[in-house]
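Structure record follows, encoded as structure tokens.
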Amino acid sequence: MGSLSVAAIVVSHAQANLLARSLAAISEQTHPIQQVVVVETAGDRASIDLALSFGFSVIEPGPLRLGAAIQAGINSLSDTPGWIWVLHEDAIPEPDALKYLSQAAEISPSVAIIGPKLLELDNTIQIQQLGLTVTPTGRPFLLVQREYDQGQHDRAGDTLAVSTAGMLVSLGVWQQLGGLDDSTPVLAQDLEFCAKARVAGYRVVVEANSRVHHAGLSMQGKRPKSWLSGSFSQAISRAHLHFATLYLPTLLVVAIYLTLPLMVLLAIPQNLLQKRPGRSIAQFSGWIWAWFSMPARFAARKRFRALGSTKPIKPLIATRAQRSQRRRAKFEVEPEVGLDAQRPGIFRSNSAWFGLLPLIASIQLFPQGAITANGLLPLGANMNSLLPYVAADSLPVLDSVNLPTDPFNWWLLLAGLISPSEPSTGFATLVFLATSLAFFGAWQLGKLFIAKPWVITVIALGYSLSPQLLTLKSSVFVVEMLAAAVLPWALFFLVRAIQAFNSARAWRWVGLLGLSLALVAASSSLLLGLMAVTVLIAAIAHPKRGLILIWALLPAAAVLYPLVRFAIETQNLLALANVSQHAAGPAQVLDLLNLVVIGVILLLALPSWFIAGAKANFSFYGFAIAALCLSAIQPTSSSVPVILAAMLAFLVLAGLSLESVRPKPAKALIAITAVTAVLYSGFSHGFLNQVDPGWKSSRVMPALVVAASEQDPNLRTLVLEVGDPLTATYVWGSGQKLEMSSALLAHNSQQSPLSESLAEIAANLIAGNQDKLVPLLTKTRVDFVLLKTPNPEIEVGISSLDILQPAGATDYGVLWRVASDNTAVAPSVESDPLRPWLFGIVAAFALLALPTRASILGRRRRSAVK
Amino acid sequence: MKLPLRILGLTLSLAGVAAAAFIQGFALQVPEPSAQEPVSVTTDAKPLQLYCPGPLVELGGKDGTDLGSLALVGKADLSYRLGTGSLIAEPERRIESGSAITMASREQGSDTLAALQTQLIQRPRMAGLAATNCGQPQAEGWLLTGLAGSGFESILLAANPNPVEVQIALTFHLETATTSHLITLAPFAQQQLSLASFVEAEPQFAIHFQSSGQKVSVAVQNRSSAGLSATGVELVGPTAQAAKSLAIPGFEILADGLAEPSLRIFNPGAEPTTALVTFVGSGTNSDVVQVAVPAGGFELVKPKLADGNYLVLIEAEAEVMATLYNPYVGENFDFGWLSPATAMTGKTAMAIPGYSAKLAIANPTEQVVNVILTLDAGAQALSIAARSQLVVNVSGKALVMESAAEYRASLILTDPKGYSVISPSQNANLGSDIKVAVR
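Heads up: the protein sequence lines correspond to chains A and B, in order. Residue 840 in this note's numbering sits at position 840 of the first sequence, and the numbers go up by one each step. Residue 1203 in this note's numbering sits at position 337 of the second sequence, and the numbers go up by one each step.
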């Protein structure tokens, strides 16, 4: 029996169930306890009655913080003990816990604070804490965390700090150091107190034989938010900053405080890569908190430093080896074992080879330059020339028109990323691969619900070689085709995000989902509407992932933001349908082809009600019916993508029906029929339905103009097309490119003072009248004149003008250079201040989508306290 | 899932699909984009300049023995009508060489200035009446009246009425080949070029000319002879642009069965085409001929028509050009080239030279066209039925036609010793009411 006089202070905060277990454990301690005081800070009647039933003292000091609560407990002690044993209501000590702590105190007089081994409450063989320390920057660091307790750490040893849960502390030292400082962030209170003891010349040790089971309510986020003054991440961030202020050299601390905003910003990519976007918010709040509580932090530093030198702390700081070991331990994985993970994948089942069929059906789209069929234009010369037109608010028309550029330009940006030096080729590549992309996406989606690879392959081919998709291809309706290609992927990512077993993985899938929805938004606002509703319903139906899922809509919102702002400003909601000038026109939803194809697939899908689960049936039928209903809305763009969305849902359901067919002859018959139908569709609507994509080079203006525009970005060319009426086009720089398109331009006629001057120039040019030309050309900044339509009469008329120097006949028409100094600078347009944020959002989701160890492996989240 | 729930789900699914199909009936309508209206601009047009090719050219001297000799013979009579405005310089009434007539006026058109030249020649190797409209110089155009081979001679008359040198690219489209030739003309220079060496004695050919700089005047002189007798001469300017629909007014059978008229159709395109030729008789029978015209080639139509006046209408699948060779027998033999007339609206004026003149006003459209014809003697209203023409005698110094609808016209000049047909031109530089769509 030990001789140490110990009083136990149990701080309770309305957790009667845990308190009951804790008090029971205290009452069973083999070491005598002089007095047990329960400090109920929430005034919970049940807790108070419970404590009284054990015969312990109870005080209700009100909503005090931890330090004051313990102090209140000490103050209420009837006799002054030598030591106090601090416990939380969620800490349940084993019977010998206090005995071993006392022994450690008795053995070494210099020891002032002893901490037990904290074990998980719901997993008693797993260590929760075995001493605390900090990283060299002052971030709290657990020496042992989530390791199975095999006695590997069972040796008493010095540590920087121990948790207050189960801490045995000399009352004298407690009083000398002033107890826990409640102005300190909660998660740094124990660190600061123990560090003070260290610098004051005392030792802090962990006694591994003393075992306390700890629920860790604070770390689990089970405490009220006010307990931690925010989330756990925010509390850690504040604790980090506080301890850094105490411990680090003055100059370094000042530097840290000054560079906090920068550090917070720089940490964002890392947090995103680690799939912990919430940490950035915590760091941001930590920065604000640190700046606004700077006097308090430095006052704490002064008090801390007044106790003595910090040298005794240094050997106890977490070493590089310890930190590395912790990082490695994080990735000791439990691999994700979903139902689909046991099914053969697209490559293992050799189904990937079928992805060549859609490519063969699109062979005429094999990239050979810039696609110019169907009114498409080449893209800018390089990635840099594309960027100014993505999410921009003005168009290079006349003297700049304040209309948003097409959201479809985000697809062009992707094309630019594929081929930065030749975006037109990148775009052609995207278009060529679109049907194959659709195949792989549909396959991945199908795999989530269907077990048999041949069935998945049939439905994936059914989608990618459907007459609807191939007709889009053969009509070079690239906007709708790309939307349809990315749709299966968006659905696949959505399901994976729902199924993800930890938040890191969920964030990664949400990153991919967000990007795919952004691409959907950029090519079909109707389809985005359908997907947005789907995501919201999924978020509501899966509340565990709901708050993460809804973030997936953010990139799509960023993509559509300029258009939405325009629609609100002009009170023209129909403008939201104008995602691309090159979108196909309205489609006949009830035409024979749609009726036959959808009808057949629906007939195959209907048996799924008697085969598959309710969730899949309700989800896919709901999705398909919503898509078909949405297809009635086609104010300016085609509804084919939503029709394809309905088909995809029916195809998955049809796949569920097909895979349940048991008799082999029936199975063979269905398989042969389905494959024949799909191949026939691919052959007739794809291979035979060839189209000339109109391959051209990326240059749309004579080489001289292009070269001059590289020297002078303000260069303008007046392009004349002879006809009735005469058309005068004011072309910026190196010419009209695809990224400069805007569907809104056709619906919003623009009046500009420049129009009149340009009309006068055009008239004077074809009349061969030079008198008025000189001031007009200077005023409008026309550097070149290009006569696009061959017309020798007008050509001679223009050539007779002294102010124009003939620059020769080109493939694009006859060119003249204006022989005057056009030094006027074209008006610049202020871009929306939110524009960088739009890119930032998309970039953030790209970082989230990047696979990292945190998301590929990760740790399965433990269930919370029961 | 229980069976009733499954059945309910199935029923709801079918009902949902049916509802979706029903909703299609209420599909939103597509708003039409608002088309941007073109801007109408008026500017000062360039001074109006007409150019008369000048007198006829004789090759080989009076006897035809002076090899390489190309000489202007005689003087051409210039007739012009001046509307508002004034000429920069008063032209000679009888010109010894090509001559430009220039005026500055905001208002332009044949009503402002119209001119033509005539030359009745009677020489051992050249006889007949050659008359041509004095048109605006052109940067590019076609000459379709090339004649070569036995008894025929063609000479190109090119002139540069500008103060800067020009080059003219000539492309000869023969039945079997295409050849090119480049000529350079000094400022205000004229040049005559015998075409015999370029056309390899092919009976018919077309010439395309294109100036490298300023506009030029180009015309072709044709001469025919039978043995030692001259059988006609004509001077013809550029023909009308290729079109799918052409109308040649003023065709009259005048050779009394001694010679045959022929219609030359040229297809400048790269694809063969077919043309339907209708000879619409005035007070006589009409005739319709369908011909195939090879790509880049010619087709000759030789109609068998009774005496009378005809309006020739040509409808082709592709754009074609045409010209009609019409022999004349009076005291002498002569011939005229009838070119497709340009569609006119509003006022069109022509000078009338001192020969017996008839005006053919044609209406190739399906609607009746009313034209007011004003002569020195007074005005008269003419009503021209659909797809027909009216031929009226005209006298005095000038005539003015006016109509709100489209009409075409040609002036037929006859003399006992010659025959010629002239088509009017619009005589206007671009400047007023130019419609420009700015993007």
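Backbone N, C-alpha and C fix where the C-beta goes; we use that ideal spot for every residue, glycine too. Note that this is a predicted model, so its numbers are computed, not measured.
For the segment 154–220 of chain A, the continuous beta strand (DSSP E) assignments of 3+ residues that do not extend past its boundaries occur at 167–170 and 203–214, in sequence order.
At least one beta carbon of chain B lies nearer than 9 Å to the beta carbon of F618 of chain A.
Nearest to F432 of chain A by alpha-carbon distance, out of A:V206, A:W695, A:I59 and A:A97, is A:W695. Interface residue (Cβ-Cβ distance to chain A less than 9 Å): G1162 of chain B is not classified as such. Q1076 of chain B has a beta carbon lying within less than 9 Å of a beta carbon in chain A.
Below the 9 Å Cβ cutoff, chain A contributes no neighbours of E1183 of chain B, its closest Cβ being approximately 22 Å away.
Residue-level contact by beta carbon holds for L876 of chain B and chain A, with a gap shorter than 9 Å. Non-local C-beta neighbours of E958 of chain B in its own chain, meaning closer than 8 Å and more than five positions away in sequence, comprise L944 and S965, ordered along the chain. Under DSSP, the beta-bridge partners assigned to N1229 of chain B are B:S1254. According to the DSSP assignment, F623 of chain A belongs to the alpha helix (DSSP H) that extends over A614 to L630. Using a Cβ distance threshold of 9 Å, L395 of chain A and S742 of chain A count as a contacting pair. The DSSP-derived three-state label of M481 of chain A is helix. For L563 of chain A, the secondary structure class from DSSP, reduced to helix, strand or coil, is helix. Residues of the segment 1273–1303 of chain B with a C-beta less than 8 Å from any C-beta of chain A: N1295, L1296, G1297, I1300, K1301, V1302 and A1303, listed in chain order. Remark: C-beta atoms of A352 of chain A and F440 of chain A approach each other more closely than 9 Å. Leaving aside the five residues that flank L1013 of chain B on each side, the residues in its chain whose CB is nearer than 6 Å to its CB run, in chain order, S1020 and N1088. Think of a sphere of 7 Å around the beta carbon of C194 of chain A: no beta carbon from chain B falls inside it, the nearest being about 58 Å out. S657 of chain A: member of the alpha helix (DSSP H) spanning V640 to E659, first to last residue. In its chain, beyond the 5 residues on either side, L916, C918, L944, S945, Y946, I967, C1000 and A1217 have a beta carbon closer than 7 Å to the beta carbon of A981 of chain B. Remark: C-beta atoms of A1184 of chain B and E1165 of chain B do not approach each other more closely than 9 Å.
For the segment 1077–1089 of chain B, the set of residues with a beta-carbon nearer than 7 Å to any beta-carbon of chain A comprises S1077, G1079, Q1080 and K1081, in chain order.
DSSP places D943 of chain B in the strand class (E or B) of the three-state scheme. Counting only Cβ-Cβ distances below 9 Å, P269 of chain A has no contacts in chain B at all, with the closest Cβ about 43 Å away. Excluding residues up to 5 positions away in sequence, H88, D90, A91, I92, L118, L119, E120, L121, Q128, Q129, S163, A165 and G166 lie with their Cβ nearer than 8 Å to the Cβ of H214 of chain A in the same chain. The way I'd put it, the segment 625–639 of chain A doesn't touch the segment 450–469 of chain A; fewer than three beta-carbon pairs between them come closer than 8 Å. M481 of chain A counts as buried, since at least 16 other C-beta atoms from the protein chains shown sit within 10 angstroms of its C-beta.
The continuous alpha helix (DSSP H) containing T534 of chain A extends over residues S525 to A541. Around the CB of M1210 of chain B, 16 or more other CB atoms lie within 10 Å, so the residue is classed as buried.
Rounded to the nearest angstrom, the Cβ distance from L834 of chain A to V818 of chain A is 38 Å, too far for a contact under 8 Å. CA-to-CA, the gap between A849 of chain A and L273 of chain A works out to about 8 Å.
Taking 3 residues as the minimum length, the segment 1179–1203 of chain B contains no beta strand (DSSP E) run wholly inside it. When the Cα atoms are used, A1182 of chain B and I670 of chain A turn out to be separated by approximately 57 Å.
Close to chain A, meaning a Cβ-Cβ distance shorter than 7 Å, is no residue of the segment 1017–1049 of chain B at all. Taken through DSSP and simplified to helix, strand or coil, P140 of chain A comes out as strand. For L871 of chain B, the nearest beta carbon of chain A is closer than 9 Å to its own beta carbon.
The beta carbon of K912 of chain B falls within 9 Å of a beta carbon belonging to chain A, placing the residue at that interface.
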